[in-house]
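Everything on this sheet refers to the single structure shown next.
Protein chains: 2
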Amino acid sequence: MSRFDHYDCSLGCPVEATLELIGGKWKGVVLYHLIDGTMRFNELHRAAGTVTQRVLTKALRELEAAGLVSRTVHPVVPPHVDYALTEKGRTLVPLLLAMRDWGLEHALPAPPSTLNENILA
Amino acid sequence: MSRFDHYDCSLGCPVEATLELIGGKWKGVVLYHLIDGTMRFNELHRAAGTVTQRVLTKALRELEAAGLVSRTVHPVVPPHVDYALTEKGRTLVPLLLAMRDWGLEHALPAPPSTLNENILA
DNA sequence: CCGTATCCTGTTGGATACTG
DNA sequence: CAGTATCCAACAGGATACGG
Chain A
1 MSRFDHYDCS LGCPVEATLE LIGGKWKGVV LYHLIDGTMR FNELHRAAGT
51 VTQRVLTKAL RELEAAGLVS RTVHPVVPPH VDYALTEKGR TLVPLLLAMR
101 DWGLEHALPA PPSTLNENIL A
Chain B
1001 MSRFDHYDCS LGCPVEATLE LIGGKWKGVV LYHLIDGTMR FNELHRAAGT
1051 VTQRVLTKAL RELEAAGLVS RTVHPVVPPH VDYALTEKGR TLVPLLLAMR
1101 DWGLEHALPA PPSTLNENIL A
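Quick mapping for you: the protein sequence lines, in order, are chains A and B.
Heads up: the first sequence runs through residues 1 to 121, numbered per the numbering used here.
Heads up: the second sequence runs through residues 1001 to 1121, numbered per the numbering used here.
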């Protein structure tokens, strides 16, 4: 009821729909890090940097609800929970890499330290 | 001061940086519609559907500040303002199309009305 | 280790009315 | 036509503390 109620845009909506699933402050980071494989909660927590547990949990639950991430609980002590991309989530990988590449090229100051292809410019 | 202060992620940030520029509820729609060419304020307003002028203006100003969209004022009466993708904005087109395609395939119920390639499944 | 429970703040987006 | 000015509600995100 909060998704595509209104809008009249007949073709632009899919962009919005995609953004709605992977948007938010941490989902992109989480998805990106999961490209490399399964990660535990604390691994993601550290990888993300400064996210709180509450917020990270919420992001993971939403990604799980969207069918992009799987959550596997190993009933041992201490608890062990694995997160991974689902098959659907893996279809996002090209998009995630494209976003990373675009970000590196256009969104970050990112000095081209090793390359000097700016000679062309 | 609200961008990359914290984070320790050494490679996932570009994804976040990209998302931060094109995120929000309407920027994706705006950018997507501008792919086809220059549009006036009211055209975008109608294309987006239910966005208010205040919110659309804010989104356009942010896209302009990010260097993704240009704003051209023709000093006539009644006012005439054109919005278009900048050269930097145009570098986003493949990403926008990829997001649209992914959204069509995975984020929308989108019944394949004309095609029947689901026979394969 | 992997969360949940409270509480709090800032920002996003919206409703409505008005203007050059 | 293309905005601005107010005002407001909702929510995302964060701080901190606690629990199985």
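The beta carbon of each residue, even a glycine, is placed where N, CA and C say it ideally should be.
- In the DSSP assignment, residue 1033(B) falls within the unbroken alpha helix (DSSP H) covering 1027-1034.
- Judged by beta-carbon spacing, residue 27(A) lies beyond the 8 Å limit of residue 56(A), meaning their Cβ atoms are not closer than that value.
- DSSP lists 1083(B) as the bridge partner or partners of residue 1071(B).
- Contacts with chain A at 8 Å (Cβ-Cβ) do not include residue 1079(B).
- Between residue 1034(B) and residue 1085(B) the beta-carbon gap is near 5 Å, inside 8 Å, which marks them as a contact.
- Excluding five sequence positions before and after residue 1100(B), the CB atoms of its chain that fall closer than 7 Å to its own CB belong to 1032, given in chain order.
- The count of Cβ pairs closer than 8 Å, one atom from the segment 64-72 of chain A and one from the segment 45-56 of chain A, stays below three, leaving the stretches out of contact.
- Rounded to whole angstroms, residue 30(A) and residue 17(A) show a C-alpha spacing of 19 Å.
- Note that the C-beta distance between residue 52(A) and residue 83(A) is not below 8 Å.
- For residue 15(A), the enclosing alpha helix (DSSP H) starts and ends at 13-22.
- Under the Cβ criterion of 8 Å, residue 38(A) is not counted among the residues facing chain B.
- Here residue 1089(B) is buried. Its C-beta has 16 or more other C-beta atoms within 10 Å.
- Its chain contains 1031, 1032, 1035 as the residues whose beta carbon lies nearer than 7 Å to that of residue 1096(B), once the 5 sequence neighbours on both sides are disregarded; these appear in chain order.
- Residue-level contact by beta carbon holds for residue 1088(B) and chain A, with a gap shorter than 8 Å.
- In this structure, residue 81(A) lies away from residue 54(A), with their beta-carbon atoms at least 8 Å apart.
- For residue 39(A), the pairing in a beta bridge is given by DSSP as 83(A).
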